[in-house]
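Participant: Encoded as structure tokens, here's the structure I'll be asking about.
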Amino acid sequence: MESKAWASGAQFSTLLEFMESHGDITKPQPGAQGRLRADRLWQQLANALNSIGGGVQKTPDKWKKVWADWKSKTKKGNYNTLPCKWYWWWSKL
Numbered sequence: 427m428e429s430k431a432w433a434s435g436a437q438f439s440t441l442l443e444f445m446e447s448h449g450d451i452t453k454p455q456p457g458a459q460g461r462l463r464a465d466r467l468w469q470q471l472a473n474a475l476n477s478i479g480g481g482v483q484k485t486p487d488k489w490k491k492v493w494a495d496w497k498s499k500t501k502k503g504n505y506n507t508l509p510c511k512w513y514w515w516w517s518k519l
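Residue numbers (this note's numbering): 427 to 519.
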């Protein structure tokens, strides 16, 4: 079991930057090639996030969950359910 559940600030920033530059990869292009490209990008993103020191180690599927949870909470406006450091960061945008 992981000793820490939350991604570090550096990991979260990297996740957001990756999504900004590649688009939301949870919605791949139609067809088999689109799904394969999305899977490769998730693996690339997971490797990049896991290589950041001081953060958590997660599989691509668990990073997908982090992204889905964050999107859901921000769309609903449930900023107070985010950890304090994320609320502070998000409120500055």
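C-beta atoms are modelled at their ideal positions from N, C-alpha and C, and glycine is treated no differently.
#1: Locate the alpha helix (DSSP H) running through T500, then write down its first and last residues.
#2: Would you identify the three-state DSSP class for W432, choosing helix, strand or coil?
#3: List the whole-angstrom C-beta distance separating P486 from W468, where the pair is believed to meet the contact cut-off of C-beta under 8 Å.
#4: Helix, strand or coil: how does DSSP classify T440 here?
#5: Distance check for D450 and A472, CA to CA, integer angstroms please.
#6: D465 to T500, Cα distance in whole Å?
#7: Let's test the definition: count the other Cβ atoms within 10 Å of the Cβ of A458 and tell me whether it reaches 16, buried, or not, exposed.
#8: Using the rule of at least 16 other Cβ atoms within 10 Å of the residue's Cβ for burial, across every protein chain shown, is Q437 buried or exposed?
Facilitator: The answer reads as follows:
#1: P486 to K502
#2: coil
#3: 4 Å
#4: helix
#5: 15 Å
#6: 24 Å
#7: exposed
#8: buried
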